[in-house]
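A.B. asks: One structure coming up, written as structure tokens, with questions to follow.
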Amino acid sequence: MTEFFELLKESIRTLRLNKMRTSLAVLGIVIGIGSVIALISIGQSSQAAITSQITALGSNLITISPGSQSSGRIRTATVRKTLTLADAEALKAADLSAVKSVSPEYSSRLQVVAGDANTNTTIYGATSTYSEIHNLKISGGRFITESDYNSNSHIAILGPTVVEDLFGSSSYNPISEIIRINGQNFTIVGVTVAKGSSGMTDSDDVIYVPLSTAMKQLFGITYLSAISIQAADSEVMVQAQNQVGYFLLARHKITDTTKADFTIKSQEDLLTTASSVAGTFTSLLSGVAAISLIVGGIGIMNIMLVTVTERTREIGLRKALGAKKKTIITQFLTESVILTFTGGILGVIIGIFTSYFYSRVNSSTFTISPYSVLLAFSVSVVIGVIFGWYPAKRAASLQPIEALRYE
Amino acid sequence: MPKPKSIIVVKNLSKIYKTDVLETVALDNVSFEIKEGEFVAIMGPSGSGKSTLMHIIGALDKPTSGHYVLDGKNVENLSDDELSEIRNKKIGFIFQAFNLLPRTTTLTNVMLPMTYAGIPKEERVKIATKFLNLVGLSDRLNHTSNQISGGQQQRVAIARSLVLNPALILADEPTGNIASAQADEIMSIFEKLNDQGHTIVMITHEPDIAQTAKRIIFIRDGKIVQDSINKNRRTAANIKKEVLKHD
Numbered sequence: 001m002t003e004f005f006e007l008l009k010e011s012i013r014t015l016r017l018n019k020m021r022t023s024l025a026v027l028g029i030v031i032g033i034g035s036v037i038a039l040i041s042i043g044q045s046s047q048a049a050i051t052s053q054i055t056a057l058g059s060n061l062i063t064i065s066p067g068s069q070s071s072g073r074i075r076t077a078t079v080r081k082t083l084t085l086a087d088a089e090a091l092k093a094a095d096l097s098a099v100k101s102v103s104p105e106y107s108s109r110l111q112v113v114a115g116d117a118n119t120n121t122t123i124y125g126a127t128s129t130y131s132e133i134h135n136l137k138i139s140g141g142r143f144i145t146e147s148d149y150n151s152n153s154h155i156a157i158l159g160p161t162v163v164e165d166l167f168g169s170s171s172y173n174p175i176s177e178i179i180r181i182n183g184q185n186f187t188i189v190g191v192t193v194a195k196g197s198s199g200m201t202d203s204d205d206v207i208y209v210p211l212s213t214a215m216k217q218l219f220g221i222t223y224l225s226a227i228s229i230q231a232a233d234s235e236v237m238v239q240a241q242n243q244v245g246y247f248l249l250a251r252h253k254i255t256d257t258t259k260a261d262f263t264i265k266s267q268e269d270l271l272t273t274a275s276s277v278a279g280t281f282t283s284l285l286s287g288v289a290a291i292s293l294i295v296g297g298i299g300i301m302n303i304m305l306v307t308v309t310e311r312t313r314e315i316g317l318r319k320a321l322g323a324k325k326k327t328i329i330t331q332f333l334t335e336s337v338i339l340t341f342t343g344g345i346l347g348v349i350i351g352i353f354t355s356y357f358y359s360r361v362n363s364s365t366f367t368i369s370p371y372s373v374l375l376a377f378s379v380s381v382v383i384g385v386i387f388g389w390y391p392a393k394r395a396a397s398l399q400p401i402e403a404l405r406y407e
Numbered sequence: 408m409p410k411p412k413s414i415i416v417v418k419n420l421s422k423i424y425k426t427d428v429l430e431t432v433a434l435d436n437v438s439f440e441i442k443e444g445e446f447v448a449i450m451g452p453s454g455s456g457k458s459t460l461m462h463i464i465g466a467l468d469k470p471t472s473g474h475y476v477l478d479g480k481n482v483e484n485l486s487d488d489e490l491s492e493i494r495n496k497k498i499g500f501i502f503q504a505f506n507l508l509p510r511t512t513t514l515t516n517v518m519l520p521m522t523y524a525g526i527p528k529e530e531r532v533k534i535a536t537k538f539l540n541l542v543g544l545s546d547r548l549n550h551t552s553n554q555i556s557g558g559q560q561q562r563v564a565i566a567r568s569l570v571l572n573p574a575l576i577l578a579d580e581p582t583g584n585i586a587s588a589q590a591d592e593i594m595s596i597f598e599k600l601n602d603q604g605h606t607i608v609m610i611t612h613e614p615d616i617a618q619t620a621k622r623i624i625f626i627r628d629g630k631i632v633q634d635s636i637n638k639n640r641r642t643a644a645n646i647k648k649e650v651l652k653h654d
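From first to last, the protein sequence lines stand for chains L and C.
Following the working numbering, the numbering of the first sequence begins with 1 at its first residue and continues without gaps.
Following the working numbering, the numbering of the second sequence begins with 408 at its first residue and continues without gaps.
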């Protein structure tokens, strides 16, 4: 035991003697491990963020948008007018078995003014069913009601980002305040709970107004930008998609399904697409991480090889003075184990810290996969130990006189 | 007075270096004997084979053929680890290039052979301090090897060679890398050690230095050409400086 502690002390002493060499070796390991952990974590938290945001869009959600699904063309800014309020009313009236509720929607961006503050935000024309279908929670006040819709009332429900933009703080209670949208006065009656942002789009940067008001008085249009459908439950999603699809095809008098003038997408479709995008992203990051691990590994390899080769004369001297092969190998192995473990632990800490920092900056979920920590740590340690051990073994096997003469 | 025992017995020793095309005979059928308490200088021009002989005597290298008995122990067929042990216990090495551990304290350097002999720490410190004191470096215990002069480094190496009370002190060009004034100090230490009964074998090509030994073996082309008692010995009396702190 005392022998072990002496060996440990001697190794630490030697490592401290060569601060530059030691810190370079440790740095290589730290970068190798840290980047793997950070990159994998960033990939996973992005994936988790995308998934949670899509789930937050609503439960058992099916979205009908105007325009053809099969068009091979690039989507242009052309306004598609194929979905109308009448379609939504008919869907509601049809009372399809797999459909629980229907929410006709229209959204567009407009300039909004409150006092001397103004912002450009997305105005959502919605009905009372919107909040239920889209999992929209109200933190204060109320959402749009049937009577708001029927009376074209000038009321508005604000997302927290808009509250912040117009009133300086998202914690400000703006209820009963008046804002001007497109020159018309709207009374604020509610504020939504923050949903968070997904990359470029901020789902809290919105104002909800009654659909009737939006269509007739704000935008002067007759068509919708989307109809959201909530399926009765998650089991009947496909059924609901089919019922809605055939109903609308019949209503639009289209017999060839490939010529449909609308697109139906379920939340699942979105999730699948987004997950596969995020998955690609994660594998890209994992690839980068793997490369850094390899580069880090080669760095460790190099520094270990150089360290031991540089010390061949020292090994020769130690052998001349009576060190046995095993003693030499144990000494070098101890040094490389100390090096790689120190670097490994530092790398794990830095990797976790970087991921945490990333998640704070992007306000995304902070996830660390123990698997990536384990993988990065063990790969580096194995490389470090092998490449500390192998040249040491080679040097320890030299005749002392050859080692002493080594230049 | 009992007959002194043999420390080195070398019989028909040859060392041949072989490459694909060339065979170099470094040592050719060399035989000699060195007894306890002797102070022998092995001389010869470069390429004479004296270094090869020193490596074999020092158990750092193995002969191609012949026999070598060191302090009663047959050395020629030992394994690497057994040779390490022989070097550790029986031979005190002093190299031309000092070969101290770089950036390491004098004390730690001197303690190194004892570490490999498994001597406990407190005793190592005690013994190392004693021998550093003997070579006049008691005030340099915690200096690192790059903070002291060449002569001082060689004295550290001498202290290191003595700590396990070896049967043989083997010095390879001990003054080759140091200034002449300091070289005299080193030589007077050797003389003192020899007076105390240590057996010393010293390899050198400097006649001046060889003159301090009691016996000189001359090698040329791998053969011993002369082996005689040194009648014109240059002793400590000739050397003005007294460096040994006698206890």
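From the three backbone atoms N, C-alpha and C, an ideal C-beta is built for every residue, glycine too.
These numbers were taken from a predicted model, which means no experiment stands behind them.
With DSSP as the reference, label Val259(L) as helix, strand or coil.
C.D. replies: The count along the first sequence starts at 1 and reaches residue 259(L) at position 259. This sequence places Lys at residue 259(L); Val is not what is there. Lys259(L): helix per DSSP, three-state reduction.
A.B. asks: Three-state secondary structure (DSSP) at His462(C)?
C.D. replies: To locate residue 462(C), count along the second sequence from 1; it is residue 55. Helix at His462(C).
A.B. asks: Whose C-beta lies closer than 6 Å to the C-beta of Gly456(C) among residues of the same chain, with five residues either side of it excluded?
C.D. replies: On the second sequence, residue 456(C) is found 49 positions in, with the first residue counted as 1. Closer than 6 Å at the Cβ level, and outside the excluded window around Gly456(C), lie Ala433, Leu434, Ile626, Gly629.
A.B. asks: With a cut-off of 8 Å on the beta carbons, I'd call Val437(C) and Leu460(C) a contact; round off their distance for me.
C.D. replies: Here residue 437(C) is taken as the residue at index 30 of the second sequence, counted from 1. Here residue 460(C) is taken as the residue at index 53 of the second sequence, counted from 1. So it is a contact: roughly 7 Å between Cβ atoms.
A.B. asks: Would you say Ile423(C) reaches chain L, if we count a Cβ-Cβ gap shorter than 8 Å as a contact?
C.D. replies: Within the second sequence, the letter at position 16 stands for residue 423(C). Closer than 8 Å: no.
A.B. asks: Going along chain L in order, which residues have a C-beta closer than 8 Å to the C-beta of Phe500(C)?
C.D. replies: Position 93 of the second sequence, counted from the start, is the residue given in the question as residue 500(C). Chain L residues near Phe500(C): Ala320, Leu321.
A.B. asks: So which residues on chain L does Asn495(C) lean against when the C-beta distance must stay under 7 Å?
C.D. replies: Counted from its first residue, the second sequence places residue 495(C) at position 88. The contacting residues are Leu321, Gly322.
A.B. asks: Please work out which residues of its chain come closer than 6 Å, Cβ to Cβ, to Thr122(L), disregarding the five sequence neighbours upstream and downstream, and give them in chain order.
C.D. replies: Translated into the one-based positions of the first sequence, residue 122(L) becomes position 122. For Thr122(L), where only same-chain residues beyond five positions count, the Cβ hits under 6 Å are Ser107, Arg109, Val206.
A.B. asks: For Asp204(L) and Ser52(L), what's the separation of their Cα atoms in angstroms?
C.D. replies: Looking up residue 204(L) in the first sequence gives position 204. Looking up residue 52(L) in the first sequence gives position 52. Rounded to the nearest angstrom, the two C-alpha atoms are 15 Å apart.
A.B. asks: Which residues in chain L sit within 8 Å of Asn484(C), going by Cβ to Cβ distance?
C.D. replies: Position 77 of the second sequence holds residue 484(C). In chain order: nothing, as chain L lies at least about 15 Å away.
A.B. asks: Measure from the C-beta of Gln44(L) to each C-beta in chain C and report whether the shortest distance is under 8 Å.
C.D. replies: For this step, residue 44(L) is matched to residue 44 along the first sequence. Closer than 8 Å: no.
A.B. asks: Chain L partners of Ser491(C), CB-CB under 7 Å?
C.D. replies: Locating residue 491(C) in the second sequence gives position 84, where the first residue counts as 1. Simply Lys319, Gly322, Ala323, Lys324.
A.B. asks: Please say whether Gly465(C) and Leu500(C) have beta carbons closer to each other than 8 Å?
C.D. replies: Within the second sequence, numbered from 1, the residue matching residue 500(C) stands at position 93. Within the second sequence, numbered from 1, the residue matching residue 465(C) stands at position 58. One detail in the question is off: residue 500(C) reads as Phe in this sequence, not Leu. Contact: yes.
A.B. asks: Quick test of your reading: Ser411(L) and Ala289(L), contact by CB under 8 Å. State the CB separation rounded to the nearest angstrom.
C.D. replies: In the structure as shown, chain L begins at 1 and stops at 407. Residue 411(L) is therefore absent and cannot be evaluated.
A.B. asks: Given that Arg510(C) touches chain L, what residues does it touch there, using C-beta distances under 9 Å?
C.D. replies: For the purposes of this step, residue 510(C) is taken as the residue at position 103 of the second sequence. Simply Leu17, Asn18.
A.B. asks: What is the DSSP secondary structure of Asp435(C), reduced to helix, strand or coil?
C.D. replies: If you number the second sequence from 1, residue 435(C) lands on position 28. Strand.
A.B. asks: In chain order, what residues of the same chain have a beta carbon less than 7 Å from the beta carbon of Ile188(L), not counting five sequence neighbours either side?
C.D. replies: Taking the first residue of the first sequence as 1, we reach residue 188(L) at position 188. Only Ala156, Leu158, Pro174, Ile175, Ser176, Glu177, Ile179 meet the Cβ criterion.
A.B. asks: Just tell me which of Ile624(C), Asn484(C), Gln560(C) has its CA closest to the CA of Gly510(C).
C.D. replies: By one-based count along the second sequence, residue 510(C) stands at place 103. Note on residue identity: the sequence assigns Arg, not Gly, to residue 510(C). The shortest Cα separation from Arg510(C) among Ile624(C), Asn484(C), Gln560(C) belongs to Gln560(C).
A.B. asks: According to DSSP, His474(C) sits in a beta bridge with which residue or residues?
C.D. replies: Locating residue 474(C) in the second sequence gives position 67, where the first residue counts as 1. His474(C) pairs with Lys418(C).
A.B. asks: Just list the alpha helix (DSSP H) runs in the segment 85 to 125 of chain L, keeping only unbroken ones of 4 residues or longer that don't cross its boundaries, in chain order.
C.D. replies: 85 to 94
A.B. asks: Within its chain, find whatever has a CB closer than 8 Å to the CB of Asn419(C); leave out the 5 residues flanking it on each side and keep chain order.
C.D. replies: For the purposes of this step, residue 419(C) is identified with residue 12 of the second sequence, where counting begins at 1. Result list for Asn419(C): Asn436, Val437, Ser438, Ser472, Gly473, His474, in chain order.
A.B. asks: Give the DSSP-derived three-state secondary structure of Ala194(L) in the structure shown.
C.D. replies: Taking the first residue of the first sequence as position 1, residue 194(L) is located at position 194. In this structure, Ala194(L) counts as coil in the three-state DSSP scheme.
A.B. asks: From the beta carbon of Asp579(C), is the nearest beta carbon of chain L less than 8 Å away?
C.D. replies: As a first step, residue 579(C) must be located in the second sequence, where it is residue number 172. Not an interface residue.
A.B. asks: Nearest to Leu248(L) by CA position, among Ala38(L), Ser45(L), Leu96(L), is which residue?
C.D. replies: Numbered from its first residue, the first sequence carries residue 248(L) at position 248. Of the listed residues, the one whose Cα sits closest to Leu248(L) is Leu96(L).
A.B. asks: Which chain L residues sit within Cβ distance under 9 Å of Asp615(C)?
C.D. replies: Taking the second sequence and counting its residues from 1, the one referred to as residue 615(C) is at position 208. By Cβ distance, chain L contributes nothing, its closest Cβ being about 26 Å from Asp615(C), past 9 Å.
A.B. asks: Beta strand (DSSP E) containing Phe500(C): first to last residue?
C.D. replies: To locate residue 500(C), count along the second sequence from 1; it is residue 93. Unbroken beta strand (DSSP E) run through Phe500(C): 498 to 501.
A.B. asks: For Ala114(L) and Asn185(L), what's the separation of their Cα atoms in angstroms?
C.D. replies: Residue mapping note: residue 114(L) aligns to position 114 of the first sequence, counting from 1. Residue mapping note: residue 185(L) aligns to position 185 of the first sequence, counting from 1. Roughly 10 Å separates the two Cα atoms.
A.B. asks: Using C-beta distances below 6 Å, list every residue in its chain close to Ala88(L), excluding the 5 sequence neighbours before and after it, in chain order.
C.D. replies: If you number the first sequence from 1, residue 88(L) lands on position 88. Its chain contains Val102, Pro104, Ile227 as the residues whose beta carbon lies nearer than 6 Å to that of Ala88(L), once the 5 sequence neighbours on both sides are disregarded; these appear in chain order.
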